[in-house]
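As they're listed, the protein sequences go chains S and X.
The numbering of the first sequence is the numbering used here, which starts it at 1 and goes up by one.
The numbering of the second sequence is the numbering used here, which starts it at 310 and goes up by one.
Just so you know, even glycine gets a beta-carbon here, dropped at the ideal spot from N, CA and C.
Keep in mind it's a predicted model, so treat the numbers as computed, not measured.
Take a look at the structure set out below.
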Amino acid sequence: MPEPVVSLRGVTKRYGRFTALDAVDLDVPAGEIFALLGPNGAGKTTLIGIVAGIVRASQGRAAVLGRDVVADYRFTRRAVGLVPQEINFDPFFTVEETLRIQAGYFGVRLPEARLAEILRALDLEEKRHANTRALSGGMKRRLLIGKALVHEPRVLFLDEPTAGVDVQLRQSLWAYVRVLRERGTTIVLTTHYLEEAEELADRVAVIDHGRILLVEQKDRLMERYAGKTLRVSLGAPLAELPPSLAALGARLEEGGLVVAVSAPPGTSFGPALAALAAAGLPVRDVETQRMRLEDVFVSLLERGAGRAA
Amino acid sequence: MIGLGTRTLFVKEVRRFLRVPGQTLLSPLVTTTLYFLVFGYSLGPRLREVDGLPYARYIVPGLVVLGVVTNAYLNSASSLFVMKLQGTIVDLLISPLSYGEILGAFIAAAVTRGMIVGGITWLVAGVFTSFHVAHPIAALALLVLAAVGFAGLGFMTAVWAGSFEQVNFFPTFVITPLTFLGGVFYSASMLPPTLRAFTLANPVYYLVDALRWTMLGASGAGPLPGLLVTAGLAVATLAGAYAMLSSGWKLRG
């Protein structure tokens with residue numbers, strides 16, 4: 001694994017009796033898009049907040065580029081950009097003023113070329129002199145991304161960046177996130193849209209009840225956990241499965257018109273196909289479906305819950 | 310050397326109140342003018358002199374104090390509270406600005422607004438009375454100190470407050486009563502002993518009295534008690550505001 005940009009060791013956060021993060025160890029490698037997945041209340045935003053400086057850890061140490069986020073906050077905060085989950089805006093200022101003010105907080109005078117680039121990338125050029133109050137919800141969210149980028153952070157945290165954003169804009173934001181990654185920015189993403197993580201992420205961490213359940217390269221995760229399903233459409237409905245197929249775990253779906261067989265990762269459909277051929281069923285179409293990240297995610301959470309029970 | 314981040318926050322805060330001049334600057338102008346029309350211009354000639362000063366002149370320092378401290382308080386209180394409400398406080402919390410820099414910028418902007426309003430009040434008063442100031446540097450220093458003290462109080466209130474009602478608690482129930490009962494419109498020597506004791510227990514009385522000395526050259530207690538009380542308030546509220554900000558209470562999770 002490359003040198004971690006963000007590193008957490010034994011990070012715990014308690015709110016009274018509630019433990020939001022429970023002794024979390026995590027390394028985010030440089031130059032990757034890292035997706036932090038978990039249900040509501042899993043601890044994703046708390047984890048990001050600790051690294052960005054909004055939340056104080058009860059125990060443990062969080063570091064950015066090897067520097068402690070509390071003791072060396074001036075350094076680490078200059079290295080971090082945060083797009084918060086909640087939209088915020090100051091109605092006293094225009095888009096341009098908002099970006100210049102945010103850059104100023106980080107001790108940066110925003111050069112015209114950089115300002116123009118951010119406005120262009122986020123499709124806000126025409127709104128440069130508009131008051132932030134006049135922006136649509138999607139534009140306000142893009143402005144948040146712009147604010148997080150003004151000081152050219154090494155690592156960008158995107159907390160549910162496309163919540164409530166239309167499909168077209170989501171695609172353009174994904175494209176921009178990839179551009180940022182290509183330029184060397186490390187991206188840490190939390191999202192409810194698992195297709196977003198599946199589309200973008202190089203590496204995935206699954207978090208639930210404040211604990212990291214796993215950290216894995218997305219492709220390896222899919223290989224390891226994502227089984228396949230063979231779906232055979234029949235020319236005529238079948239009342240009952242032949243015993244040879246039933247013995248392989250096959251099931252009838254869609255009123256007997258489809259025979260479905262699931263195979264765990266690393267196993268083949270050879271025996272099922274042989275049984276189908278031997279049974280002489282009237283096959284009309286054959287397709288295989290790979291489990292999606294969403295299915296893997298649900299299955300991991302169920303296993304996690306099973307262990308906790 | 311003041312860093313770019315602190316200067317940015319200060320300029321932003323000043324621009325914020327300049328964007329709504331009707332609320333932040335014009336409103337005090339109207340209020341002050343009304344005070345002088347009613348108390349100074351209409352009633353003043355019928356009232357006898359107070360502590361050897363014409364009544365219209367006598368009330369000027371108190372009204373300047375009222376304008377300065379109320380606006381210094383309101384600027385830091387409303388600005389920080391609105392940032393909490395809007396969620397834009399996150400922009401500051403994730404920035405590399407230190408607690409001292411954040412507090413310094415907020416206080417400086419609040420003092421700026423307080424002094425502008427105090428200046429407007431003084432100019433309006435000058436039209437009705439006189440522009441003469443006996444000790445201008447001392448007057449300026451005392452007012453800046455008072456503005457710092459009340460800006461610190463406003464900052465503390467904003468950190469604590471959960472609603473606008475709580476933000477308005479201090480100006481409505483503390484600052485205005487203390488100022489009005491702090492010898493703005495009367496001298497403590499005019500009061501019966503019980504009320505005089507109440508007035509002498511009011512710290513704002515000493516501030517108004519000291520400012521009266523710096524502006525008009527005469528006062529009941531002289532400049533020192535007011536200077537000490539005001540400096541004490543400034544130190545206490547700055548320390549309190551810094552402690553609250555650095556504790557993260559109600560700001561950081």
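- Partners in chain X for Phe92 (chain S), counting only beta-carbon separations shorter than 7 Å: By 1-based counting over the first sequence, the position of residue 92 (chain S) is 92. Chain X residues near Phe92 (chain S): Arg325, Arg328.
When the Cα atoms are used, what is the spatial distance from Leu362 (chain X) to Thr379 (chain X)? Working through the second sequence from its first residue, we reach residue 362 (chain X) at position 53. Working through the second sequence from its first residue, we reach residue 379 (chain X) at position 70. Distance between the alpha carbons of Leu362 (chain X) and Thr379 (chain X) is about 26 Å.
- Alpha carbon to alpha carbon, how far is Phe18 (chain S) from Gly43 (chain S)? On the first sequence, residue 18 (chain S) is found 18 positions in, with the first residue counted as 1. On the first sequence, residue 43 (chain S) is found 43 positions in, with the first residue counted as 1. Phe18 (chain S) and Gly43 (chain S): Cα-Cα distance of roughly 11 Å.
To test your reading of the DSSP string, which unbroken beta strand (DSSP E) runs of 3 or more residues are found completely within the region 164 to 231 of chain S? 186 to 190, 203 to 208, 211 to 217
Worksheet item: With a cut-off of 8 Å, does the C-beta of Val55 (chain S) fall near any C-beta of chain X?
Response: The count along the first sequence starts at 1 and reaches residue 55 (chain S) at position 55. Yes, because at least one Cβ of chain X sits closer than 8 Å to the Cβ of Val55 (chain S).
*asked:* Using C-beta distances below 7 Å, list every residue in its chain close to Leu462 (chain X), excluding the 5 sequence neighbours before and after it, in chain order.
replied: Sequence index remark: in the second sequence, residue 462 (chain X) carries index 153 (1-based). Within the same chain, Leu462 (chain X) has close Cβ partners Tyr382, Phe479, Thr546.
Item checked: Ile398 (chain X) versus Arg355 (chain X): straight-line alpha-carbon distance, rounded -> Residue mapping note: residue 398 (chain X) aligns to position 89 of the second sequence, counting from 1. Residue mapping note: residue 355 (chain X) aligns to position 46 of the second sequence, counting from 1. Straight-line Cα distance between these residues: approximately 52 Å.
Can at least three beta-carbon pairs, one atom from the region 413 to 426 of chain X and one from the region 449 to 456 of chain X, be found at a separation below 8 Å? yes
- Is it right to say Trp522 (chain X) is buried, meaning 16 or more other beta carbons lie within 10 angstroms of its own, or is it exposed? Within the second sequence, numbered from 1, the residue matching residue 522 (chain X) stands at position 213. By the neighbour-count definition (other C-beta atoms within 10 Å, threshold 16), Trp522 (chain X) is a buried residue.
Checklist entry - Applying the criterion that 16 or more other CB atoms from any shown protein chain within 10 Å of the CB defines a buried residue, is Thr267 (chain S) buried or exposed? => result Start at 1 with the first residue of the first sequence, and residue 267 (chain S) comes out as number 267. It is exposed - the Cβ of Thr267 (chain S) has fewer than 16 other Cβ atoms within 10 Å.
- Quick one: what's Phe18 (chain S) bridged to in DSSP? As a position in the first sequence, residue 18 (chain S) is number 18, starting the count at 1. DSSP, once it has assigned bridges, lists S:Tyr15 as partnering Phe18 (chain S).
- request: Taking Ser388 (chain X) as the reference, give the member of X:Met553, X:Thr438, X:Ala467 with the closest Cα.
  value: As a working note, residue 388 (chain X) is residue 79 in the second sequence. Comparing Cα-Cα distances from Ser388 (chain X) to each of X:Met553, X:Thr438, X:Ala467, the minimum goes to X:Ala467.
Original post:
Should Asp123 (chain S) and Arg141 (chain S) be called a contact, given that it needs their Cβ atoms to be closer than 8 Å?
Top reply: Counting from 1 along the first sequence, the entry for residue 123 (chain S) is found at position 123. Counting from 1 along the first sequence, the entry for residue 141 (chain S) is found at position 141. Cβ distance not < 8 Å, so Asp123 (chain S) and Arg141 (chain S) don't count as in contact.
- Ser385 (chain X) - containing alpha helix (DSSP H), residue span: As a first step, residue 385 (chain X) is located in the second sequence; it is residue number 76 there, counting from the start. Start and end: 369 to 395.
Closer than 8 Å, CB to CB, is Arg561 (chain X) near chain S or not? Translated into positions along the second sequence, residue 561 (chain X) becomes position 252. So, interface residue.
**Message:** Taking the beta carbon of Arg203 (chain S) as the centre, do at least 16 other beta carbons fall within 10 Å, making it buried, or is it exposed?
**Reply:** The residue given as residue 203 (chain S) occupies position 203 in the first sequence. Counting every other CB atom within 10 Å of its CB across the protein chains shown gives Arg203 (chain S) a total of 16 or more, marking it as buried.
When we look at the beta-carbon of Arg290 (chain S) and count the other beta-carbons within 10 Å, is it buried (16 or more) or exposed? Locating residue 290 (chain S) in the first sequence gives position 290, where the first residue counts as 1. Arg290 (chain S) should be labelled exposed.
Practice problem: May I ask which residues mark the beginning and end of the beta strand (DSSP E) holding Arg114 (chain S)? | Solution: By one-based count along the first sequence, residue 114 (chain S) stands at place 114. Arg114 (chain S) -> not in any beta strand (DSSP E); alpha helix (DSSP H) instead, spanning 112 to 121.
- prompt: What residues match up with Gly81 (chain S) in a beta bridge as DSSP calls it?
  reply: One-based indexing of the first sequence puts residue 81 (chain S) at position 81. S:Leu156, per the DSSP bridge assignment.
(Q) Taking CB distances under 8 Å as the criterion, tell me whether Gly104 (chain S) reaches chain X. (A) Within the first sequence, residue 104 (chain S) is the residue found at index 104, counting from 1. Proximity of Gly104 (chain S) to chain X, defined by a Cβ-Cβ separation below 8 Å, is satisfied.
C-beta contact flag for Leu8 (chain S) and Asp25 (chain S) at 8 Å:
Residue mapping note: residue 8 (chain S) aligns to position 8 of the first sequence, counting from 1. Residue mapping note: residue 25 (chain S) aligns to position 25 of the first sequence, counting from 1. Going by C-beta atoms, Leu8 (chain S) is nearer than 8 Å to Asp25 (chain S).
| field | Three-state secondary structure (DSSP) of Thr94 (chain S) | value | Here the question's residue 94 (chain S) lines up with position 94 in the first sequence. Three-state DSSP puts Thr94 (chain S) in a strand.
Would you call the CB atoms of Ala279 (chain S) and Pro242 (chain S) closer than 8 Å?
-> Here the question's residue 279 (chain S) lines up with position 279 in the first sequence. Here the question's residue 242 (chain S) lines up with position 242 in the first sequence. It is a contact, given that the beta carbons lie within the stated cut-off.
* **Distance between Pro405 (chain X) and Val80 (chain S) (C-alpha atoms, nearest Å)** => If you number the first sequence from 1, residue 80 (chain S) lands on position 80. If you number the second sequence from 1, residue 405 (chain X) lands on position 96. Those two C-alpha atoms are separated by around 10 Å.
Problem set entry | Residues that DSSP places opposite Leu238 (chain S) in a beta bridge | By one-based count along the first sequence, residue 238 (chain S) stands at place 238. DSSP lists no partner for Leu238 (chain S).
| Leu180 (chain S) versus Glu32 (chain S): straight-line alpha-carbon distance, rounded | As a working note, residue 180 (chain S) is residue 180 in the first sequence. As a working note, residue 32 (chain S) is residue 32 in the first sequence. Going from the Cα of Leu180 (chain S) to the Cα of Glu32 (chain S) covers about 10 Å.
How would you label Leu318 (chain X), buried or exposed, when you count the other beta carbons within 10 angstroms and need 16 or more for buried?
-> Within the second sequence, residue 318 (chain X) is the residue found at index 9, counting from 1. Result: buried.
inquiry  = I'd like to know whether the C-beta atoms of Ile187 (chain S) and Leu158 (chain S) end up nearer to each other than 8 Å.
reply    = Within the first sequence, the letter at position 187 stands for residue 187 (chain S). Within the first sequence, the letter at position 158 stands for residue 158 (chain S). Yes, Cβ-Cβ distance for Ile187 (chain S) and Leu158 (chain S) is below 8 Å.
* Would you tell me roughly how many angstroms separate the C-alpha atoms of Tyr176 (chain S) and Asp285 (chain S), rounded to the nearest one? => Sequence index remark: in the first sequence, residue 176 (chain S) carries index 176 (1-based). Sequence index remark: in the first sequence, residue 285 (chain S) carries index 285 (1-based). The alpha-carbon atoms of Tyr176 (chain S) and Asp285 (chain S) are separated by roughly 39 Å.
Closer than 8 Å, CB to CB, is Pro84 (chain S) near chain X or not? Your numbering for residue 84 (chain S) matches position 84 in the first sequence. Taking Cβ atoms only, chain X reaches closer than 8 Å to Pro84 (chain S), which makes this a yes.
Could you run through the region 396 to 428 of chain X and flag, in chain order, every residue whose CB is less than 8 Å away from some CB of chain S?
-> Gly396, Thr397, Val399, Asp400, Leu401, Leu402, Ile403, Ser404, Pro405, Leu406, Ser407
| query | Do Val513 (chain X) and Ile368 (chain X) have their C-beta atoms within less than 8 Å of each other? | reply | Within the second sequence, the letter at position 204 stands for residue 513 (chain X). Within the second sequence, the letter at position 59 stands for residue 368 (chain X). No, they are not a contact pair.
Checklist entry - Secondary structure at Gly557 (chain X), three-state DSSP: helix, strand or coil? => result Within the second sequence, residue 557 (chain X) is the residue found at index 248, counting from 1. In the three-state scheme derived from DSSP, where H, G and I count as helix and E and B as strand, Gly557 (chain X) is classed as coil.
Could you work out which residues of chain X lie near Gly49 (chain S), taking near to mean beta carbons separated by less than 7 Å?
Numbered from its first residue, the first sequence carries residue 49 (chain S) at position 49. Chain X residues near Gly49 (chain S): Gly562.
Mind checking if Arg77 (chain S) is an interface residue toward chain X, Cβ cutoff 8 Å exclusive? Reading the first sequence from its first residue, position 77 is the one you call residue 77 (chain S). With 8 Å as the cut-off, Arg77 (chain S) counts as an interface residue toward chain X.
Is Gly270 (chain S) close to chain X? Criterion is C-beta to C-beta, closer than 8 Å. Within the first sequence, the letter at position 270 stands for residue 270 (chain S). False, the Cβ-Cβ gap to chain X never drops below 8 Å.
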